[in-house]
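First comes the structure, then the notes that go with it.
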Amino acid sequence: MKMYKIAVVPGDGIGPEVMEEAVKVLNRVSSLDGSFQFSFTTYPWGCKYYLENGEMMPADGLDILKQYDAILLGAVGYPGVPDHISLRDLLLRIRHDFDQYINLRPVKLVKGAICPLIGARTEDIDMTFIRENSEGEYSGSGAWLYKDTPQEVVIQNAVFSRKGCERVIRYAYQLAHKEKKTLTSISKGNALNYSMVFWDQIFAEVGKEFPDVKTYSLMVDAASMFMIKDPKRFQIVVASNLFGDILTDLGAAIAGGMGLAAGANLNPERTFPSMFEPIHGSAPDIAGRGISNPLASIWAASQMLDFLGHEDWGAKIIQAIETMLVERISLTPDQGGKSSTSECGDALAGLLK
Ligand code: NAD
Ligand code: IPM
Ligand code: MN
């Protein structure tokens, strides 16, 4: 029997609520399958841990996580701890130090999900975002000079390395080639005269290796407009760290909301574990009430199954999410239902065969 060692970092706010349901579904999958099992170990790292210990995770946190086959993460950040500390010292640290340079975020309108766009059909909204996840605008490099004086200056550097751009863009081309889809690059070369001109150049260079892939290049402002007005333009999309962050929240909004949006932080070489998470945050406005939607976390669990080579189960989970939405089974309030987080997770687990 194959045993997968999974580290679970539920984090803050609704993180623990939704993670519990993802674990429930994965246990159901392994018991139905019979050829593999999960061994879950939970780490209580996050804002509460910070307030008690002065750090978001222990000094050897990454050494601990490195021993696992994959990481499941709930959400990080809570009022009481500055976001730039909580996020940079835990979530962004794991993404960066484990070289999870691919952030793969499906923007797929499943049947039955609420879409605010008039007349949009499910087949019109079916994109995969490949977001650069290790550098760019999130490099963390900068300075705060003459702090608290009238001369105060802050500098936030965006770092675009050749290696960093090539690898994420090549990954996106490979996916477009494999899935016979178009590839759209998101840029802003008209204003960002170093970083985005370089990005566009590398997009064109790497494209020479993939003559069969039909490409488009859009400015990020125009892309956000087209995602609303004509979402079927987009299939595979590659974007820098910040542009990908912003556009995937927009993507979530047109594909059923934050309660359905998942993301995989991948280290494709498998030198380090990859990490799977809902893309939403800790939702302090609804935390502790048992009404958060666990389907985004469960979708992230399906991405983990895909990554571990169990694509059949990954697909069955997405199918079950669709069934729940179409037949309106045990949905949480964000989807117009009345069910609790755990009732929603129970129903999904029960639909799997
Ligand atoms: P958020 O995603 O937590 O919440 C935005 C809105 O979406 C809220 O109204 C919330 O109730 C709703 N929502 C989110 N997830 C939901 C779910 N599963 N079910 C139902 N409704 C859901 O974003 P925010 O309010 O900007 O951030 C709150 C905290 O989370 C901040 O500290 C922020 O930095 C952090 N954050 C963390 C992550 C992460 O860990 N990956 C992502 C985004 C934000
Ligand atoms: C996300 C989040 C994070 C990001 C924040 C919380 C640092 O918004 O995963 O989309 O910007 O990457
Ligand atoms: Mn985000």
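In the working numbering, the protein residues as written are 224 to 576.
C-beta atoms are modelled at their ideal positions from N, C-alpha and C, and glycine is treated no differently.
Cα-Cα separation, residue i to residue j
{"i": "Val-377", "j": "Ser-364", "result": "11 Å"}
{"i": "Gly-177", "j": "Ala-381", "result": "Lying outside 224 to 576, the shown extent of the chain, residue 177 is not represented and no answer is given."}
{"i": "Phe-495", "j": "Arg-551", "result": "39 Å"}
{"i": "Ser-525", "j": "Asp-371", "result": "48 Å"}
{"i": "Leu-531", "j": "Ser-253", "result": "13 Å"}
{"i": "Phe-261", "j": "Asn-250", "result": "7 Å"}
{"i": "Tyr-369", "j": "Pro-501", "result": "39 Å"}
{"i": "Gly-537", "j": "Phe-383", "result": "33 Å"}
{"i": "Gly-284", "j": "Asp-453", "result": "44 Å"}
{"i": "Ala-171", "j": "Pro-434", "result": "With the chain covering only 224 through 576, there is no way to say anything about residue 171."}
{"i": "Pro-556", "j": "Phe-449", "result": "29 Å"}
{"i": "Asp-286", "j": "His-400", "result": "36 Å"}
{"i": "Asp-256", "j": "Leu-288", "result": "26 Å"}
{"i": "Val-443", "j": "Leu-473", "result": "12 Å"}
{"i": "Lys-403", "j": "Ile-469", "result": "26 Å"}
Backbone secondary structure at residue i - three-state DSSP
{"i": "Ser-410", "result": "strand"}
{"i": "Ile-353", "result": "strand"}
{"i": "Trp-536", "result": "helix"}
{"i": "Thr-494", "result": "coil"}
{"i": "Asn-464", "result": "helix"}
{"i": "Arg-551", "result": "coil"}
{"i": "Pro-233", "result": "strand"}
{"i": "Phe-421", "result": "helix"}
{"i": "Tyr-273", "result": "helix"}
{"i": "Arg-380", "result": "Per the sequence shown, residue 380 should be read as Asn rather than Arg. Looking at Asn-380 - three-state DSSP - the assignment turns out to be strand."}
{"i": "Lys-401", "result": "helix"}
{"i": "Met-224", "result": "coil"}
{"i": "Trp-367", "result": "strand"}
{"i": "Leu-296", "result": "strand"}
{"i": "Ser-258", "result": "coil"}
{"i": "Arg-318", "result": "helix"}
{"i": "Ile-459", "result": "strand"}
{"i": "Pro-434", "result": "coil"}
Within 7 Å, strictly: CB atoms of residue i and residue j
{"i": "Phe-263", "j": "Val-246", "result": "yes"}
{"i": "Ala-475", "j": "Met-481", "result": "yes"}
{"i": "Lys-228", "j": "Tyr-291", "result": "yes"}
{"i": "Ala-543", "j": "Leu-571", "result": "yes"}
{"i": "Ser-463", "j": "Glu-389", "result": "no"}
{"i": "Ile-541", "j": "Phe-466", "result": "no"}
{"i": "Gly-412", "j": "Asp-423", "result": "yes"}
{"i": "Gly-297", "j": "Met-224", "result": "no"}
{"i": "Lys-437", "j": "Thr-405", "result": "yes"}
{"i": "Ala-395", "j": "Ile-353", "result": "yes"}
{"i": "Thr-345", "j": "Leu-327", "result": "no"}
Ligand 3 heavy atom lying under 6 Å from the CB of residue i
{"i": "Asp-235", "result": "no"}
{"i": "Asp-347", "result": "no"}
{"i": "Asp-286", "result": "no"}
{"i": "Asp-444", "result": "no"}
{"i": "Asp-468", "result": "yes"}
Own chain residues within Cβ distance below 8 Å of residue i, not counting five before or after
{"i": "Glu-278", "result": "Tyr-272, Asp-312"}
{"i": "Ile-337", "result": "Gly-479, Gly-480, Gln-558, Gly-559"}
{"i": "Gly-269", "result": "Val-232, Pro-233, Gly-234, Asp-235, Gly-238, Met-279, Val-299, Tyr-301, Ser-309, Leu-313"}
Own chain partners of residue i with C-beta closer than 6 Å, once the 5 adjacent residues on each side are dropped
{"i": "Met-527", "result": "Ala-293, Phe-499"}
{"i": "Thr-351", "result": "Pro-329, Ile-459"}
{"i": "Glu-566", "result": "Ser-553"}
Residue i: CB within 6 Å of a non-hydrogen atom of ligand 1
{"i": "Val-246", "result": "no"}
{"i": "Gly-504", "result": "yes"}
{"i": "Met-481", "result": "yes"}
{"i": "Val-299", "result": "yes"}
{"i": "Asn-516", "result": "yes"}
{"i": "Asp-569", "result": "no"}
{"i": "Leu-441", "result": "no"}
Proximity test, residue i beta-carbon vs ligand 2 heavy atom, cut-off 6 Å
{"i": "Leu-578", "result": "Lying outside 224 to 576, the shown extent of the chain, residue 578 is not represented and no answer is given."}
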